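Student: Note that the protein sequences, when read in sequence, are chains A and B.
Residue numbers for the first sequence follow the working numbering, beginning at 4 and rising by one.
Residue numbers for the second sequence follow the working numbering, beginning at 4 and rising by one.
We put the CB at the ideal spot given by N, CA and C, even for glycine.
These figures come from a predicted structure and were not determined experimentally.
Got a structure for you, questions after.
Protein chains: 2
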Amino acid sequence: MTLSGEPAFEDMTAKARLRETALRLFAEEGIEGTTVRDIARMSGVSLGLIRHHFGSKDGLRAACDTYAIEQMVHLKKEIILDGKLADRESMSSFHPRMLVLIRYVARSVCDGSPSADAMFSQIVSSTQDWIEAQFPGEFADPRMQAALVVATEIGILVMHKQFSDVLGADALSPKGHLQLARAKVEFYSKPLISPEVAATALETIEKLQDSPNSKQHEEGGAAC
Amino acid sequence: MTLSGEPAFEDMTAKARLRETALRLFAEEGIEGTTVRDIARMSGVSLGLIRHHFGSKDGLRAACDTYAIEQMVHLKKEIILDGKLADRESMSSFHPRMLVLIRYVARSVCDGSPSADAMFSQIVSSTQDWIEAQFPGEFADPRMQAALVVATEIGILVMHKQFSDVLGADALSPKGHLQLARAKVEFYSKPLISPEVAATALETIEKLQDSPNSKQHEEGGAAC
DNA sequence: TCATATATGATACATTTGTATAGTTACATG
DNA sequence: CATGTAACTATACAAATGTATCATATATGA
Numbered sequence: 004m005t006l007s008g009e010p011a012f013e014d015m016t017a018k019a020r021l022r023e024t025a026l027r028l029f030a031e032e033g034i035e036g037t038t039v040r041d042i043a044r045m046s047g048v049s050l051g052l053i054r055h056h057f058g059s060k061d062g063l064r065a066a067c068d069t070y071a072i073e074q075m076v077h078l079k080k081e082i083i084l085d086g087k088l089a090d091r092e093s094m095s096s097f098h099p100r101m102l103v104l105i106r107y108v109a110r111s112v113c114d115g116s117p118s119a120d121a122m123f124s125q126i127v128s129s130t131q132d133w134i135e136a137q138f139p140g141e142f143a144d145p146r147m148q149a150a151l152v153v154a155t156e157i158g159i160l161v162m163h164k165q166f167s168d169v170l171g172a173d174a175l176s177p178k179g180h181l182q183l184a185r186a187k188v189e190f191y192s193k194p195l196i197s198p199e200v201a202a203t204a205l206e207t208i209e210k211l212q213d214s215p216n217s218k219q220h221e222e223g224g225a226a227c
Numbered sequence: 004m005t006l007s008g009e010p011a012f013e014d015m016t017a018k019a020r021l022r023e024t025a026l027r028l029f030a031e032e033g034i035e036g037t038t039v040r041d042i043a044r045m046s047g048v049s050l051g052l053i054r055h056h057f058g059s060k061d062g063l064r065a066a067c068d069t070y071a072i073e074q075m076v077h078l079k080k081e082i083i084l085d086g087k088l089a090d091r092e093s094m095s096s097f098h099p100r101m102l103v104l105i106r107y108v109a110r111s112v113c114d115g116s117p118s119a120d121a122m123f124s125q126i127v128s129s130t131q132d133w134i135e136a137q138f139p140g141e142f143a144d145p146r147m148q149a150a151l152v153v154a155t156e157i158g159i160l161v162m163h164k165q166f167s168d169v170l171g172a173d174a175l176s177p178k179g180h181l182q183l184a185r186a187k188v189e190f191y192s193k194p195l196i197s198p199e200v201a202a203t204a205l206e207t208i209e210k211l212q213d214s215p216n217s218k219q220h221e222e223g224g225a226a227c
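Written out as structure tokens, the structure is:
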């Protein structure tokens with residue numbers, strides 16, 4: 004049994020192995036990029052079993068969706084109840100199991116999976132709770148701020164290969180993750196737009212919002 | 004002719020139409036998710052012409068890559084030289100043409116395209132220049148901070164559908180883009196981790212980096 | 001024990017999709 | 001005008017892939 008209470012891969016039923024393999028392959032290679040034959044082979048079963056247990060590839064994906072969502076809330080509770088993290092506001096991108104789940108969400112969003120909206124919404128809500136607890140009344144639209152944090156975090160996962168180049172270490176390895184954590188602390192604690200620039204930028208934006216000539220293009224930061 | 008100097012779609016040569024359609028479809032539907040038949044039909048030409056001009060689908064993708072990179076540096080210069088933006092540090096996610104190009108980059112990263120690394124690197128460098136000009140010596144690793152900004156910006160594009168839900172408007176429309184810009188100004192100007200929390204977080208991370216028992220999972224922020 | 005349902009496997013099928021080939025038109029150039 | 005080269009089309013081909021069908025084994029319960 005792992006820390007999270009699942010049996011080891013070899014001890015799982017064929018159905019569970021299929022779901023587990025699919026979750027991982029979908030996360031790593033994308034949904035389109037994963038073939039049912041790959042999933043079956045890596046689960047040590049035959050092709051037909053996917054149809055038998057899940058009806059179709061899309062049925063298997065749907066099973067992964069509900070399982071991932073259920074696991075995320077479960078893991079979050081488990082981690083919060085865990086004494087070591089009870090006093091920390093952080094969630095659990097450090098927990099390897101959570102990493103897999105969030106990578107699955109990231110890929111679902113990229114691939115336009117039907118459940119992506121629900122999964123995204125859930126993670127945003129969780130982040131929003133944290134923001135509102137930490138900075139009550141500080142932000143005009145806490146949900147939007149939460150969404151931006153999620154965009155950053157999931158963006159890092161989507162671009163983990165490119166981040167590994169910048170880091171000089173695998174961003175998903177423990178070592179790289181720690182380096183990345185340092186950088187993220189700096190990113191989230193130091194503003195990249197000064198108050199003055201922010202003020203004028205907001206002014207400009209408001210002016211543009213009032214005038215309907217939406218053709219104009221200007222912005223006050225966020226180089227990209 | 005458009006502002007950027009390209010002829011209108013109907014006036015383009017078949018080869019240019021194919022490249023333009025491919026760029027858009029690859030960006031919107033993904034590379035795997037786009038068929039050469041779709042590209043040909045939407046370009047108003049026959050299937051074989053893709054092979055004639057580009058050799059293969061992958062050849063067409065490569066042509067889009069080099070074109071996108073060339074266009075990005077070209078557009079950036081053009082926008083900077085443009086008087087209206089000369090005094091602003093912002094780059095040009097507001098420019099509709101740049102939006103298409105960056106969406107193409109975002110999709111290339113998602114799909115693991117071979118040129119994704121180069122495109123990402125270029126955008127990060129551009130952002131890094133801006134950061135170093137704005138805040139000289141402020142950040143320990145400016146390139147890493149730039150990468151995090153790019154992760155946020157590209158993450159927003161990847162999740163634009165979900166962001167539209169939060170915004171209550173299409174995130175890629177002028178109206179939604181302005182709303183989003185307001186939120187981004189707040190995001191980049193207000194810290195989400197207080198200095199005290201940041202300090203203790205960095206301490207914790209350093210402790211973990213020294214001790215090789217990388218199994219531990221903790222972090223000092225970045226709820227996700 | 002026998003029967004029935006569930007689990008599992010082997011194989012065939014149809015569709016999609018990228019690629020290859022051959023033919024046709026248009027256009028420049030001598 | 002002749003001719004050849006590039007642009008372009010129509011169609012055929014082969015591989016990959018999700019799905020369906022049929023057969024077999026295993027377990028469970030009357």
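#1: Please state whether the Cβ-Cβ distance between A:GLN131 and A:ALA154 is less than 7 Å.
#2: Would DSSP call A:PRO10 helix, strand or coil?
#3: At the level of alpha carbons, what is the spacing between B:MET75 and B:LEU102?
#4: What does B:SER192 reach in chain A if we use C-beta pairs closer than 7 Å?
#5: Are there three or more Cβ pairs, one per stretch, closer than 8 Å when the region 131 to 146 of chain A is compared with the region 51 to 65 of chain A?
#6: For B:THR69, decide whether its Cβ has a neighbour in chain A, counting only Cβ atoms nearer than 7 Å.
#7: If you pair each beta-carbon of the region 18 to 25 of chain B with each one of the region 50 to 60 of chain B, do three or more pairs fall below 8 Å?
#8: A:MET101 lies in the alpha helix (DSSP H); which residues open and close that run?
#9: Beta carbon of B:LEU181, beta carbon of A:LEU211: below 7 Å?
#10: Counting only Cβ pairs nearer than 7 Å, list the residues of chain B close to A:ALA150.
#11: Assign B:ASP41 to one of three DSSP states: helix, strand, or coil.
#12: Grouping DSSP H, G and I as helix and E and B as strand, with all else coil, what is A:LYS193?
#13: Is the Cβ-Cβ distance between B:ALA172 and B:HIS163 less than 7 Å?
#14: Given a threshold of 16 other Cβ atoms within 10 Å of its Cβ, counted over all protein chains shown, does A:THR38 qualify as buried or as exposed?
#15: Out of B:ASP168, B:PHE29 and B:PHE57, point me to the one whose CA is closest to B:LEU104's CA.
#16: Grab the span of the alpha helix (DSSP H) containing A:MET162 for me, first residue to last.
#17: Enumerate in chain order the residues of its own chain whose CB-to-CB distance from B:MET45 is below 6 Å, with the five nearest sequence positions on each side excluded.
#18: Pick from A:SER128, A:GLY140, A:ARG185 and A:ALA201: whose alpha carbon is nearest that of B:ARG185?
#19: Can you tell me whether DSSP reads A:VAL76 as helix, strand or coil?
#20: How close, in whole Å, do the beta carbons of A:PRO198 and B:SER129 come, if the pair is a contact with beta carbons under 8 Å?
#21: Counting only beta-carbon separations shorter than 7 Å, does B:GLU1 have a partner in chain A?
#22: For B:GLY115 and A:PRO99, what's the separation of their Cα atoms in angstroms?
#23: Between the Cα of A:VAL188 and the Cα atoms of B:GLN137, B:LEU205 and B:ILE82, which residue gives the shortest distance?
#24: For chain A, find out if any of its Cβ atoms is closer than 7 Å to the Cβ of B:THR155; answer yes or no.
#25: So, does the CB of A:PHE29 fall closer than 7 Å to a CB anywhere in chain B?
#26: Counting only C-beta atoms, is B:LEU181 closer than 7 Å to chain A at any point?
#27: Determine the contact status of B:GLY33 and A:GLY158, defining contact as a CB-CB distance below 7 Å.
#28: So which of A:ALA43, A:PRO194 and A:LEU151 has the shortest CA-CA distance to B:PHE138?
#29: By the three-class DSSP mapping on this structure, what secondary structure does A:SER116 have?
#30: In this structure, how does DSSP classify B:THR24 when only helix, strand and coil are distinguished?
#31: I need the DSSP call for B:MET15, collapsed to helix, strand or coil.
#32: Give me the chain A residues within the contact set of B:ASP120, using Cβ-Cβ distance strictly less than 7 Å, ordered along the chain.
#33: Between the alpha carbons of A:SER118 and A:TYR107, how many angstroms are there, rounded?
Tutor: Taking the geometry as given:
#1: Sequence index remark: in the first sequence, residue 131 of chain A carries index 128 (1-based). Sequence index remark: in the first sequence, residue 154 of chain A carries index 151 (1-based). The answer is no: Cβ separation not under 7 Å.
#2: Translated into positions along the first sequence, residue 10 of chain A becomes position 7. Three-state DSSP puts A:PRO10 in coil, outside helix and strand.
#3: Numbered from its first residue, the second sequence carries residue 75 of chain B at position 72. Numbered from its first residue, the second sequence carries residue 102 of chain B at position 99. About 10 Å.
#4: Numbered from its first residue, the second sequence carries residue 192 of chain B at position 189. Correct list: PRO194, ILE196, PRO198 and ALA201.
#5: no
#6: Numbered from its first residue, the second sequence carries residue 69 of chain B at position 66. It does not: the Cβ of B:THR69 has no partner Cβ on chain A nearer than 7 Å.
#7: yes
#8: Within the first sequence, the letter at position 98 stands for residue 101 of chain A. Here the alpha helix (DSSP H) through A:MET101 covers 99 to 113.
#9: Walking along the second sequence from the start, residue 181 of chain B turns up at place 178. Walking along the first sequence from the start, residue 211 of chain A turns up at place 208. Going by C-beta atoms, B:LEU181 is nearer than 7 Å to A:LEU211.
#10: Position 147 of the first sequence holds residue 150 of chain A. The answer, in chain order, is PHE166 and VAL169.
#11: Counting from 1 along the second sequence, the entry for residue 41 of chain B is found at position 38. Three-state DSSP puts B:ASP41 in a helix.
#12: The residue you call residue 193 of chain A lines up with position 190 of the first sequence. DSSP places A:LYS193 in coil when its eight states are reduced to three.
#13: Reading the second sequence from its first residue, position 169 is the one you call residue 172 of chain B. Reading the second sequence from its first residue, position 160 is the one you call residue 163 of chain B. No.
#14: As a working mapping, residue 38 of chain A is identified with position 35 in the first sequence. With fewer than 16 other Cβ atoms within 10 Å, it is exposed.
#15: As a position in the second sequence, residue 104 of chain B is number 101, starting the count at 1. It is B:PHE29.
#16: Translated into positions along the first sequence, residue 162 of chain A becomes position 159. First-last for A:MET162: undefined, no H or E at that position.
#17: Sequence index remark: in the second sequence, residue 45 of chain B carries index 42 (1-based). The answer, listed in chain order, is THR24.
#18: Within the second sequence, the letter at position 182 stands for residue 185 of chain B. When each option's Cα is compared against that of B:ARG185, the closest is A:ALA201.
#19: Translated into positions along the first sequence, residue 76 of chain A becomes position 73. Note: A:VAL76 maps to helix in three-state DSSP.
#20: To locate residue 198 of chain A, count along the first sequence from 1; it is residue 195. To locate residue 129 of chain B, count along the second sequence from 1; it is residue 126. Between B:SER129 and A:PRO198 the Cβ distance is about 24 Å, and since that is not below 8 Å, they are no contact.
#21: Given a span of 4 to 227 for chain B in the structure shown, any question on residue 1 of chain B remains unanswerable.
#22: As a working note, residue 115 of chain B is residue 112 in the second sequence. As a working note, residue 99 of chain A is residue 96 in the first sequence. Those two C-alpha atoms are separated by around 23 Å.
#23: Stepping through the first sequence from its first residue, residue 188 of chain A is reached at position 185. It is B:LEU205 whose Cα lies nearest to the Cα of A:VAL188.
#24: As a working mapping, residue 155 of chain B is identified with position 152 in the second sequence. Closer than 7 Å to some Cβ of chain A, the Cβ of B:THR155 qualifies, so yes.
#25: Translated into positions along the first sequence, residue 29 of chain A becomes position 26. No, A:PHE29 does not count as interfacial toward chain B.
#26: The residue you call residue 181 of chain B lines up with position 178 of the second sequence. So, interface residue.
#27: As a working mapping, residue 33 of chain B is identified with position 30 in the second sequence. As a working mapping, residue 158 of chain A is identified with position 155 in the first sequence. It is not a contact, given that the beta carbons lie outside the stated cut-off.
#28: As a working mapping, residue 138 of chain B is identified with position 135 in the second sequence. Closest by alpha carbon: A:PRO194.
#29: On the first sequence, residue 116 of chain A is found 113 positions in, with the first residue counted as 1. In this structure, A:SER116 counts as coil in the three-state DSSP scheme.
#30: Locating residue 24 of chain B in the second sequence gives position 21, counting from the first residue. Correct three-state label for B:THR24: helix.
#31: For the purposes of this step, residue 15 of chain B is taken as residue 12 along the second sequence, with counting starting at 1. Here B:MET15 sits in coil by DSSP.
#32: In the second sequence, counting from the first residue as 1, residue 120 of chain B sits at position 117. Under the 7 Å cutoff, chain A gives GLN165 and ASP168.
#33: Residue 118 of chain A sits at position 115 when you count from the first residue of the first sequence. Residue 107 of chain A sits at position 104 when you count from the first residue of the first sequence. Distance between the alpha carbons of A:SER118 and A:TYR107: 11 Å.
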